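First comes the structure, then the notes that go with it.
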């Protein structure tokens with residue numbers, strides 16, 4: 001038996017991010033985006049959960065993903081998903097060893113002396129991400145499709161469509177939470193076409209950001 | 001543990017009277033009336049000001065002056081280990097109160113009756129001196145929001161370790177258990193608005209440590225003025241004045 005733990009995803013909207021958000025109760029968008037993110041990341045199967053396993057049946061990594069919205073100006077889910085992907089692609093799993101009591105010990109590369117325990121994983125490693133999901137939120141208004149809306153546009157027009165595609169062009173999720181505009185199939189397909197275009201841009205953007213981080 | 005080497009260098013390579021690298025940026029949050037990012041070494045803080053606006057709770061409305069509210073919050077990832085509860089604990093509540101009282105001392109609240117000013121401070125990275133960084137960020141955000149103030153409030157911490165007064169303590173020095181003085185001043189008026197000290201410290205040494213903190217505050221005040229001036233010039237240029 002293997003033990004894996006999918007990352008606990010929290011999307012926070014502190015009152016700093018918008019004049020609408022006040023201290024006390026959390027913003028209503030916060031749990032909604034958290035749930036949406038959790039569903040998208042798990043259903044896209046972008047991470048192989050076996051990589052989070054340390055010792056079969058005994059121990060596994062728990063990955064916490066905390067996303068803070070500092071400035072809420074529309075398309076929160078898109079920004080949150082992109083930041084989650086960027087964080088996961090930058091994540092390094094440290095080299096660790098496990099002693100006889102089942103306690104986990106971090107192994108530093110500088111240790112010159114002979115190690116008492118053999119490391120579970122020999123070196124720091126990155127998570128392997130495959131078929132990375134990217135999203136685009138559109139607003140349907142009369143005969144128009146407004147891609148990547150601002151907060152002001154979102155507040156005026158109530159019909160949103162969020163399309164999530166992965167890098168191979170496969171549809172991961174489609175989200176249209178009600179709204180007065182009843183979308184035709186063609187409108188949804190247009191949104192998907194716009195998302196396909198956006199996926200390429202975001203993928204290049206992410207690659208550039210990752211290569212800039214490498215020393 | 002030796003916090004100051006025989007050569008007179010601290011753990012991070014600074015001299016005892018040397019501050020960490022500071023960096024500030026105005027207008028970080030587009031939706032806020034005023035906002036700023038303030039960095040002191042590895043401590044990174046973002047502040048946003050909303051207001052003056054209508055008082056949310058009518059029972060709290062004050063007819064003679066403005067109501068100032070403040071909320072301090074640390075991000076879960078701001079410290080080495082993930083924080084379980086980043087808000088509502090005693091420390092956060094105390095720091096919120098300290099920031100509010102410090103800022104209230106410099107805001108001309110009587111000019112804004114029956115209104116509310118909200119100051120929200122979020123710590124993105126914590127490495128000692130978060131209190132000081134928050135006050136400096138809040139000052140910049142208030143200035144950006146155009147809220148009338150008597151003077152800028154600037155804050156800096158100083159401590160006393162290994163028989164040496166140290167300016168601008170980082171987390172390791174802060175958690176050493178020695179005296180830690182956090183000072184907030186109105187630099188032009190030369191008045192103290194905040195003074196907090198933990199641990200015992202002889203009075204004659206306190207004067208030296210306080211003087212060191214005052215110098216730190218004045219250095220920060222000069223930097224903040226430069227930032228505000230540069231920002232104003234930029235606004236002038238954009239508006240074609």
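Chains as they are written, first to last, in full-length UniProt numbering: chain B, 1 to 215; chain Y, 1 to 241.
Don't be surprised by glycine CBs; every beta carbon is placed ideally from N, CA and C.
Please read these numbers as outputs of a predicted model, since none were measured by experiment.
Residue 233/Y: first and last residue of the uninterrupted alpha helix (DSSP H) it sits in: Counted as a single uninterrupted DSSP element, the alpha helix (DSSP H) harbouring residue 233/Y occupies residues 203-239.
Per-residue contacts from residue 77/Y into chain B (C-beta, under 7 Å): The contacting residues are 66.
Chain B contact for residue 115/Y (CB, 9 Å cutoff): No, its Cβ sits nowhere closer than 9 Å to a Cβ of chain B.
Chain-order list of residues whose beta-carbon lies under 8 Å from that of residue 80/B (same chain, five-residue window excluded): 11, 33, 37, 67 and 69.
is_contact[residue 236/Y, chain B] using C-beta, thresh 9 Å: No, because no Cβ of chain B sits closer than 9 Å to the Cβ of residue 236/Y.
Stretch-stretch touch, CB-based, cutoff 8 Å, three pairs: the region 177-197 of chain Y with the region 48-59 of chain Y: Taking one beta carbon from each stretch, the region 177-197 of chain Y and the region 48-59 of chain Y have fewer than 3 pairs nearer than 8 Å; the two do not touch.
Straight-line gap, residue 27/Y to residue 190/Y (C-alpha atoms, nearest Å): So the alpha carbons of these two residues sit roughly 28 Å apart.
Residues near residue 16/Y by beta carbon distance below 6 Å, same chain, minus five either side: Taking C-beta separations shorter than 6 Å and ignoring five residues to either side along the sequence, the partners of residue 16/Y in its chain run 164 and 166, following chain order.
Inter-stretch contact (C-beta, 8 Å, three-pair minimum) for the region 62-74 of chain Y and the region 150-161 of chain Y: No, they do not touch.
Beta-carbon spacing of residue 42/Y, residue 20/Y below 9 Å: A contact, by the Cβ cut-off of 9 Å.
Segment contact, 8 Å Cβ cut-off, at least three pairs: the region 26-40 of chain Y with the region 214-234 of chain Y: A contact exists between the region 26-40 of chain Y and the region 214-234 of chain Y.
Boundaries of the beta strand (DSSP E) in which residue 32/B is found, first to last residue: In the DSSP assignment, residue 32/B falls outside any beta strand (DSSP E) and lies within the alpha helix (DSSP H) extending over 29-44.
Test item: CB-CB of residue 82/B and residue 202/B under 9 Å: Their beta carbons are under 9 Å apart, which means residue 82/B touches residue 202/B by this criterion.
Cβ pair count under 8 Å reaching 3, the region 150-167 of chain B against the region 186-206 of chain B: The region 150-167 of chain B, when compared against the region 186-206 of chain B, does touch it at the 8 Å Cβ threshold.
Unbroken alpha helix (DSSP H) run spanning residue 132/Y, endpoints: 130-145 is the span of the alpha helix (DSSP H), which, as asked, contains residue 132/Y.
Residue environment, residue 221/Y, which counts as buried when at least 16 other CB atoms sit within 10 Å: By the neighbour-count definition (other C-beta atoms within 10 Å, threshold 16), residue 221/Y is a buried residue.
C-alpha gap between residue 208/B and residue 86/B, whole angstroms: Straight-line spacing of the CA atoms in residue 208/B and residue 86/B works out to 11 Å.
Boundaries of the alpha helix (DSSP H) in which residue 154/Y is found, first to last residue: In this chain, residue 154/Y is not harboured by any alpha helix (DSSP H); it is covered by the beta strand (DSSP E) spanning 154-161.
is_contact[residue 81/B, chain Y] using C-beta, thresh 9 Å: Chain Y has no Cβ within less than 9 Å of the Cβ of residue 81/B.
Minimum Cβ-Cβ distance from residue 290/B to chain Y less than 9 Å: Beyond the ends of chain B as shown, which are 1 and 215, falls residue 290/B; an answer cannot be given.
Within the region 121-208 of chain B, ranges of the alpha helix (DSSP H) (whole runs, at least 4 residues): Counting whole runs of 4 or more residues, the region 121-208 of chain B contains the alpha helix (DSSP H) stretches 151-156.
Residues bridged to residue 12/B (per DSSP): Residue 12/B pairs with 68/B.
Coarse secondary structure for residue 172/Y, derived from DSSP in three states: Looking at residue 172/Y - three-state DSSP - the assignment turns out to be helix.
C-beta neighbour in chain B for residue 89/Y, strict 9 Å: At least 9 Å separates the CB of residue 89/Y from every CB of chain B.
Bridge partners - residue 120/Y, DSSP secondary structure assignment: For residue 120/Y, which the question treats as bridged, DSSP gives the partners 48/Y and 71/Y.
Distance between residue 61/Y and residue 172/B (C-alpha atoms, nearest Å): Distance from the CA of residue 172/B to the CA of residue 61/Y, rounded to the nearest whole angstrom, comes to 50 Å.
Nearest-angstrom Cα separation, counted from residue 211/B out to residue 18/B: Taking the straight line from one Cα to the other gives about 33 Å.
Unbroken alpha helix (DSSP H) run spanning residue 91/Y, endpoints: Where residue 91/Y is concerned, the enclosing alpha helix (DSSP H) starts and stops at 90-104.
Proximal residues to residue 151/Y (C-beta, below 7 Å), its chain only, five neighbours per side dropped: Only 106, 186, 187, 188 and 189 meet the Cβ criterion.
Own chain, CB closer than 6 Å to residue 192/B, minus 5 neighbours either side, in chain order: Here the set comprises 163.
Bridge-paired residues (DSSP) for residue 35/Y: For residue 35/Y, DSSP records a beta bridge to 48/Y.
Nearest neighbour of residue 145/B, chosen from 16/B, 92/B and 137/B [CA to CA]: The shortest C-alpha separation from residue 145/B is found at 137/B.
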